[in-house]
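Student:
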Amino acid sequence: MKSRLIQEKKLFGKDISLPSAYGSTVLLCLGVSVGTIVLQIGVLIGIFAVARKPPPVLVQTQSGDSLVVKDIPASSRDSKAISKFTGEVLTMMLSWSGYLPAETIEESTKPRLDRGITVEGENSKYVLPTNSWEASFAFEPEFRAEFLPKLAQFVPKAIFNGQAQTFYVPQFVGEPVSVGQGKWKLDVIGSIHVIGQNHQLKDSIPFNRTVYVRAITPMFKRGIPENSSHNQLAHKVLQIRSAALEIYAITDLEEKEIGN
Numbered sequence: 522m523k524s525r526l527i528q529e530k531k532l533f534g535k536d537i538s539l540p541s542a543y544g545s546t547v548l549l550c551l552g553v554s555v556g557t558i559v560l561q562i563g564v565l566i567g568i569f570a571v572a573r574k575p576p577p578v579l580v581q582t583q584s585g586d587s588l589v590v591k592d593i594p595a596s597s598r599d600s601k602a603i604s605k606f607t608g609e610v611l612t613m614m615l616s617w618s619g620y621l622p623a624e625t626i627e628e629s630t631k632p633r634l635d636r637g638i639t640v641e642g643e644n645s646k647y648v649l650p651t652n653s654w655e656a657s658f659a660f661e662p663e664f665r666a667e668f669l670p671k672l673a674q675f676v677p678k679a680i681f682n683g684q685a686q687t688f689y690v691p692q693f694v695g696e697p698v699s700v701g702q703g704k705w706k707l708d709v710i711g712s713i714h715v716i717g718q719n720h721q722l723k724d725s726i727p728f729n730r731t732v733y734v735r736a737i738t739p740m741f742k743r744g745i746p747e748n749s750s751h752n753q754l755a756h757k758v759l760q761i762r763s764a765a766l767e768i769y770a771i772t773d774l775e776e777k778e779i780g781n
């Protein structure tokens with residue numbers, strides 16, 4: 522009688538010899554082992570990749586809040602930040618209430634008239650609303666000196682005696698288009714609405730322009746006391762330029778583009 526080790530056994534309805542079954546089992550176990558090793562190697566590679574990845578950069582504000590930030594080239598700016606900066610500057614520049622911002626409880630009920638800021642043109646002096654003068658610190662200095670006298674001539678005289686006010690509505694702020702390293706242009710379509718004493722709309726003046734913006738070195742509040750009254754202007758300038766952007770030209774939409 523033959524040994525049982527070499528007898529034919531029926532497995533799953535088929536005649537399979539024991540040596541053959543043992544061989545299949547060994548191959549199966551070997552395949553599973555190899556697959557497990559490959560999977561573990563993949564996991565280890567993933568762990569090493571995560572370990573080598575630099576941790577997120579955190580900054581902490583004066584209030585104690587921590588923010589996650591990302592590194593970008595010095596001349597790069599986010600498209601949304603450029604559009605937001607442009608819209609806010611133009612709104613501040615072209616909206617005139619005729620009154621100064623309230624600094625005390627009494628002034629909140631009895632606001633002071635805005636007598637404006639005197640700016641010099643080529644042949645004359647002009648008066649510009651205070652908020653426009655402050656907003657102009659978002660401009661490149663040479664362009665600012667050129668732009669302010671022209672804007673002052675556009676301001677209705679009734680603004681300074683409280684008989685009128687204006688507000689600018691940007692209806693469309695286009696996507697920034699690169700015109701050079703750290704420079705962009707974007708089209709802005711809006712209107713300046715002039716309101717009379719009876720809160721009636723007296724006029725609506727289109728203001729459709731191409732605005733040229735460029736990246737600048739950010740400014741920081743180093744050494745300026747927060748509650749120092751004589752440094753209020755410095756704080757406003759820093760706040761306006763905190764976006765690390767400035768406007769260096771404004772043209773009509775139809776005008777030829779400015780080069781780099």
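Just so we're aligned, residue 522 is where the sequence shown starts under our numbering, counting upward by one.
Quick reminder that beta carbons are idealized off the backbone N, C-alpha and C, glycines included.
Model, not experiment: these values are computed from the prediction.
#1: Quick check on Gly701: does DSSP put it in helix, strand or coil?
#2: Can you list, in chain order, the stretches of the beta strand (DSSP E) that have 3 or more residues and sit fully within the region 641 to 685?
#3: Which value, in whole angstroms, describes the spacing of the CA atoms of Gln528 and Ile562?
#4: For Lys530, name the three-state secondary structure that DSSP assigns.
#5: Is Glu624 helix, strand or coil by DSSP?
#6: Note the first and the last residue of the continuous beta strand (DSSP E) segment covering Lys723.
#7: Within its chain, find whatever has a CB closer than 7 Å to the CB of Arg525; leave out the 5 residues flanking it on each side and keep chain order.
#8: What is the rounded straight-line gap between the Cα of Gln753 and the Cα of Glu624?
#9: Under three-state DSSP, which class holds Ser712?
#10: Is it right to say Leu615 is buried, meaning 16 or more other beta carbons lie within 10 angstroms of its own, or is it exposed?
#11: Quick check: the Cα distance between Ile771 and Glu643, rounded to an integer number of angstroms?
#12: Does the beta-carbon distance from Glu655 to Lys723 come in below 8 Å?
#13: State the DSSP-derived secondary structure class of Ala770, mapped to helix, strand or coil.
#14: State the Cα-Cα distance for the pair Ala466 and Pro739, rounded to the nearest angstrom.
Tutor: Judging by the given coordinates:
#1: strand
#2: 646 to 649
#3: With a pLDDT of 47 at Gln528, under the threshold of 50, the modelled position of this residue cannot be trusted, and the question is left open.
#4: Low local confidence applies: a pLDDT of 48 at Lys530 is under 50, so the model's placement there is unreliable, with the coordinate-based value given in what follows. In this structure, Lys530 counts as strand in the three-state DSSP scheme.
#5: coil
#6: Leu722 to Ala736
#7: Confidence is the limiting factor: at Arg525 the pLDDT is only 48, short of 50, which leaves the residue's position unreliable and the question unanswerable from this model.
#8: 11 Å
#9: strand
#10: buried
#11: 19 Å
#12: no
#13: strand
#14: The chain is shown only over 522 to 781; residue 466 falls outside these bounds and no answer can be derived.
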